[in-house]
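Asker: If you scroll down you'll find the structure; I have some questions about it.
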Amino acid sequence: MNLPSHLTIENSHLMIGGCDTVQLAFTHGTPLYVTDEIRIRENFRGYLTAMSGYYPKIRVLYAAKANGNLSIMKILAQEGAGADVFSSGELHLALLSGMKPEHLLFNGSSKTEADHRLAIEKGVRVSLDSLDELAQIDRIAGEAGKIVEVSFRVNPALDVPTHPKIATGLATSKFGIPAAEITDAYAAALACKHVIPVGIHCHIGSQILEVEPFAKEAQVMMEVVEELHRMGVKFKFVDLGGGLGVAYDHNGPDAPTFSAYAGAVMPVCTSVLGRLGISPEIWIEPGRSMVCDSTLLLTKVNSVKKAHKSFVNVDAGFNLLIRPAMYDSYHEVLIANRADEKPAGTYTVTGPICETGDILAHDRQLPAVMAGDLVAVLDAGAYGYSMASQYNGRGRCGEVLVKQGKAELMRRAETLDDLMAALITPSWLQ
Ligand SMILES: Cc1ncc(COP(=O)(O)O)c(C=O)c1O
Ligand SMILES: N[C@@H](CCCC[NH3+])C(=O)O
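Residue 1 is where the sequence shown starts when you use UniProt numbering, and the numbers rise one by one after that.
Now the structure itself:
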């Protein structure tokens, strides 16, 4: 199996960022998410360098939904990233991490008045998804005596090669305003007293492993930009949305490189912007490709059972990593304490949740697995912890950050008290 450079094998143990996973599991307990800081920095710089080769005004806005740990946000803030935030909670995290308000975009198709108020109060631009949102934010900005800079999210009606649940730019998707109606939306915004349209936003979907759909998206956006420019919109940013997919199968083809992405989208943008004589910032909002490969989920084998199949019952399930259950997605698994042993059988790795679908990995070739072994689930950094729940009365696990042989907690595991913390007993039950 091909391993990225931050994952190595020493004395049969899987290492991450120079730290022994077996030692990490012993020190911090399992289940445990472990993230390599250097890898995140490399991914960020990969995008920035590749895109800056074509155009000077590039900004990478990390999609906070992929992994909203404050330490990860801080790493990216240090690198100069902004963020795509999709809730007041994510906005709060991004500001707390040190990201500048002008480097954030508040996205969402169903934002509340409180969301809009917070964005206005903090000086954060907002991507609008309907004319109702426009009317609402104009009113709220007026009440606050402020002017708010906005974009609209355009729906490009593009079918993209990914799981249907995460394709977001289909004509039938709930997101965005159809390209054919976008000029009306901007005309309405130009007529507002407390709103200035300064950008445009689009996002076609996640886990896309080809660059052509992104080039098509850029094409649609540039056609819209040209039309809106002629209507009088003064663009400060063009936001191309999320980034590349990730090659979860380490024996399969690689994902496109950051250079391939930049090579596909940037010439489409620069040729039109150059012709129009305008130079807005170009933004992207990658989530998965920034953090996915930085992180392992370590989980202990509670028992092995030979039944219809050989089941490896581990202590992490879809409460901590829902992607396999939700999207039938594939993650590599390794026996971290015997990482260089040859496969000896076929195993299905199952979690502790009371649901048949709680399977992390189906029918994998692994060394002879025993109770007490440590399983590492690879590429768990994106939409892993951020989609975790307390289902079945299980607190979410801890998260450790590693950097060149150092390891420290960046989130502790939840306790039974945490599970009870928000509960209130109505008076008649006390
Ligand atoms: C609006 C928006 N921007 C950015 C992203 C990040 O996408 P990805 O993780 O595929 O880079 C998403 C998630 O799909 C999104 O909904
Ligand atoms: N949660 C999805 C990605 C959704 C991205 C948000 N629009 C996944 O794990 O693949």
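The C-beta atom is built at its ideal place from N, Cα and C for all residues, glycine as well.
Quantities reported herein were computed from a predicted structural model and do not represent experimental measurements.
Identify every run of the beta strand (DSSP E) within the region 23-53, keeping only runs that are complete inside it and at least 3 residues long; order them along the chain.
Answerer: 32-36
Asker: With a cut-off of 8 Å, do at least 3 Cβ pairs link the region 258-277 to the region 203-217?
Answerer: yes
Asker: Runs of 3 residues minimum, wholly inside the region 190-214: which ones carry the beta strand (DSSP E) assignment?
Answerer: Taking only runs of at least 3 residues, the beta strand (DSSP E) segments lying wholly in the region 190-214 are 195-201.
Asker: Near Asp358, which residues of its chain fall below 7 Å by C-beta distance, leaving aside the five closest residues on each side in sequence?
Answerer: Gly317, Phe318, Ala325, Thr350 and Gly351
Asker: Excluding the 5 residues preceding and the 5 following Gly68 in the sequence, name in chain order all residues of the same chain whose CB lies nearer than 7 Å to its CB.
Answerer: Glu90, Leu93 and Ser386
Asker: Could you tell me which residues DSSP puts in a beta bridge with Ala63?
Answerer: Asp84
Asker: Select from Leu7, Ser289 and His250 the residue whose C-alpha is nearest the C-alpha of Gly243.
Answerer: Ser289
Asker: Tell me whether the region 325-334 and the region 242-258 touch, counting them as touching only if at least three CB pairs, one residue from each stretch, are closer than 8 Å.
Answerer: A contact is defined here as three or more CB-CB pairs under 8 Å, and the region 325-334 meets this definition with respect to the region 242-258.
Asker: Tell me the residue span of the beta strand (DSSP E) that contains Asp239.
Answerer: Unbroken beta strand (DSSP E) run through Asp239: Phe237 to Asp239.
Asker: Where DSSP assigns a beta bridge to Gly345, which residues make up the other side?
Answerer: Gly345 pairs with Leu366.
Asker: Closest by CA to Ala167, which one among Ile204, Glu210, Lys174 and Asp115?
Answerer: Ile204
Asker: What number of angstroms, rounded off, separates the C-alpha of Val246 from the C-alpha of Ala144?
Answerer: 43 Å
Asker: How big is the Cα-Cα spacing for Ala157 and Val301?
Answerer: 45 Å
Asker: Mind checking if Ala167 is an interface residue toward chain C, Cβ cutoff 7 Å exclusive?
Answerer: Structure shown: chain C not included; a single protein chain is present.
Asker: Could you name the residues whose beta carbon sits closer than 5 Å to any heavy atom belonging to ligand 2, keeping them in chain order?
Answerer: Ile166, Ser206, Arg323 and Tyr383
Asker: Run through DSSP, which three-state label would Leu378 get?
Answerer: coil
Asker: Across which residues does DSSP place Val124 in a beta bridge pair?
Answerer: Beta-bridge pairing links Val124 to no other residue.
Asker: Roughly how many whole angstroms lie between the Cα atoms of Asp115 and Leu96?
Answerer: 17 Å
Asker: Thinking Gly345 and Leu374 are a contact (beta carbons under 8 Å), I'd like their distance in whole angstroms, please.
Answerer: 17 Å between Cβ atoms; not a contact.
Asker: Distance check for Gln430 and Ala77, CA to CA, integer angstroms please.
Answerer: 47 Å
Asker: Between Gln136 and Glu181, what straight-line distance do the alpha-carbon atoms span, to the nearest angstrom?
Answerer: 19 Å
Asker: State the CB to CB distance for the pair Glu281 and Arg45, rounded to an integer number of angstroms; the pair is presumed to be in contact (CB under 8 Å).
Answerer: Wrong, their Cβ atoms sit about 18 Å apart, outside the cutoff.
Asker: Pick out the complete alpha helix (DSSP H) segments inside the region 254-332, 4 residues or longer, and give them in chain order.
Answerer: 258-276, 288-291 and 323-327
Asker: Return the bridge partner residues of residue 435 from the DSSP annotation.
Answerer: Absent from the model: residue 435. The displayed extent of the chain is 1 to 430, so no value can be given.
Asker: Please report the straight-line C-alpha distance between Gly395 and Asp379, rounded to a whole angstrom.
Answerer: If I take the Cα positions, the gap works out to 22 Å.
Asker: Have a look at Val400, Leu401, Gln390 and Lys406 and flag the residue whose alpha-carbon is nearest the alpha-carbon of Thr415.
Answerer: Gln390
Asker: Output the boundary residues of the alpha helix (DSSP H) element that contains Ile9.
Answerer: Where Ile9 is concerned, there is no enclosing alpha helix (DSSP H), although the beta strand (DSSP E) it sits in stretches over Leu7 to Glu10.
Asker: Compare the C-alpha of Thr183 against each of Ile200, Ser173, Ala171 and Thr172 and name the closest.
Answerer: Ile200 is the residue among Ile200, Ser173, Ala171 and Thr172 whose C-alpha sits nearest the C-alpha of Thr183.
Asker: Taking 7 Å as the limit between beta carbons, can you name the residues of its chain near Leu118, skipping five residues before and five after?
Answerer: Ser88 and Leu91
Asker: State yes or no: is the C-beta of Pro286 nearer than 6 Å to some heavy atom of ligand 1?
Answerer: yes
Asker: Just to confirm, are Ala179 and Val154 a CB contact at a threshold of 7 Å?
Answerer: yes
Asker: Taking buried to mean at least 16 other C-beta atoms within 10 Å of its own C-beta, is Leu401 buried or exposed?
Answerer: Label assigned to Leu401: buried.
Asker: Please confirm whether Asp418 and Pro31 have their CB atoms less than 7 Å apart.
Answerer: no
Asker: Report the three-state DSSP secondary structure of residue 454 (helix, strand or coil).
Answerer: Because the chain in this structure spans residues 1 to 430, residue 454 falls outside the shown range and cannot be described.
Asker: Can you give the beta carbon distance from Leu40 to Ile72, rounded, assuming they're within the 8 Å contact cut?
Answerer: Checking the sequence, you will find Ile at residue 40 rather than Leu. Yes, Ile40 and Ile72 are in contact; Cβ-Cβ is about 6 Å, under 8 Å.
Asker: Just the C-alpha distance for Leu228 and Leu128, rounded to the nearest angstrom, thanks.
Answerer: Linking Leu228 to Leu128 through their CA atoms gives a straight-line distance of about 16 Å.
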